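Student: Structure below; questions to follow.
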Amino acid sequence: MSCTFQFAKAPEQLLKALHEVIPNTDLLVQQLPETPISLWLIPPVFPTDRLDDEVIRRIWNETPYWIFCWASGLAMAQWLLAEPHHVKDKVVLDFGAGSGVVAIAAKMAGAKRVICCDIDQVSLASCRENALLNNVELEYLDDLYKSEKVDVLLAADVLYDQCNRFFLDEFLKFAPEVWVADSRVKNFSHPHYIKLDERSATTWPDLDEAKEFRNVSFYRTK
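Here it is in structure tokens:
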């Protein structure tokens, strides 16, 4: 179950960034399915018939990932809340944080500290605003290579681009335990990772994606 709430006007910085890509739409506070987490997200229904070719080009080339809670992030957040022992009392880094959903879930699950890491400054601003919504305290970092060593590194929906696969090795430099959740990559072969589980989730708001993208694979370091 999920809910959409009418709160005060969305944060100006986030609205401005959104309108540079998708004009004439808004951000609404929405509670994610099967979680207590609420996020500033694009409305479940917005007027796609009014999007001209230039807007569609911008959406493809400059996707504001933080306006959705992607299926892998939602699945990982639900998993953390159901199995908090994975992060309880630990220092956690959420890589490619986007909206901050995984980081927020980790903090709610009892992590000692949680660092949101994203190269996109607007995504980090989204993480801050969503942390405020959920009354949790997070830390923010714009470069993985500035990070300290942490206990657990979490990465959801970051393998969609083949060029990002090298991060699987890089993650090992920053944490002894790494968890990766991905709906686009069903199986990958890596000597330091093992596939442990699959969970079903939907990007929120629902993009009506193909069924194959609703199955999220979970991998962990061996």
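Mapping of the sequence shown onto full-length UniProt numbering: position 59 corresponds to residue 59, and the numbering continues sequentially without gaps. All C-beta atoms, glycine included, are put in the ideal place defined by N, C-alpha and C. Quick caveat: nothing in here was measured; it's all calculated off a predicted structure.
(1) With a threshold of 6 Å on Cβ separation, who are the neighbours of Val114 within its own chain once the five nearest residues in sequence on each side are excluded?
(2) Could you work out which residue in Pro23, Leu74 and Leu159 is closest to Gln30 when comparing CA atoms only?
(3) Under a three-way DSSP split, which group does Tyr65 fall into?
(4) Quick one: what does DSSP say Phe166 is sitting in, helix, strand or coil?
(5) So, for Pro205: in the same chain, excluding its five sequence neighbours on each side, which residues have a beta-carbon less than 6 Å away from its beta-carbon?
(6) Can you check DSSP and say which residues form a bridge with Ala155?
(7) In terms of residues, what are the limits of the beta strand (DSSP E) holding Arg199?
(8) From which residue to which residue does the alpha helix (DSSP H) around residue 229 run?
(9) Going by the CB atoms, is the gap between Asp182 and Ala201 shorter than 9 Å?
(10) Is the beta carbon of Leu168 closer than 9 Å to that of Tyr193?
(11) Out of curiosity, what's the CA-to-CA distance linking Glu83 and Ala77?
(12) May I ask which residues mark the beginning and end of the beta strand (DSSP E) holding Val216?
(13) Can you name the start and end residues of the beta strand (DSSP E) that Leu141 belongs to?
(14) What is the rounded straight-line gap between the Cα of Ser189 and the Cα of Arg165?
(15) If Val87 and Ala71 are in contact, beta carbons under 8 Å, what's the gap, nearest whole angstrom?
(16) I need the straight-line Cα distance from Ile42 to Leu28, nearest angstrom please.
(17) Apply the 10 Å Cβ neighbour rule to Asp26 and answer buried if 16 or more other Cβ atoms are within range, or exposed otherwise.
(18) Going by C-alpha distance, which of Val136, Leu133, Lys90 and Leu124 is nearest Gly98?
Tutor: In brief:
(1) Val92, Ala103, Ala106, Lys107 and Leu138
(2) Leu74
(3) helix
(4) helix
(5) Pro44
(6) Phe95 and Val180
(7) Tyr193 to Ser200
(8) Residue coverage of the chain in this structure runs from 1 to 222, which leaves residue 229 outside it and unanswerable.
(9) no
(10) yes
(11) 10 Å
(12) Asn215 to Thr221
(13) Glu139 to Leu141
(14) 11 Å
(15) Actually they do not touch by this definition, with Cβ atoms about 20 Å apart.
(16) 6 Å
(17) exposed
(18) Leu124
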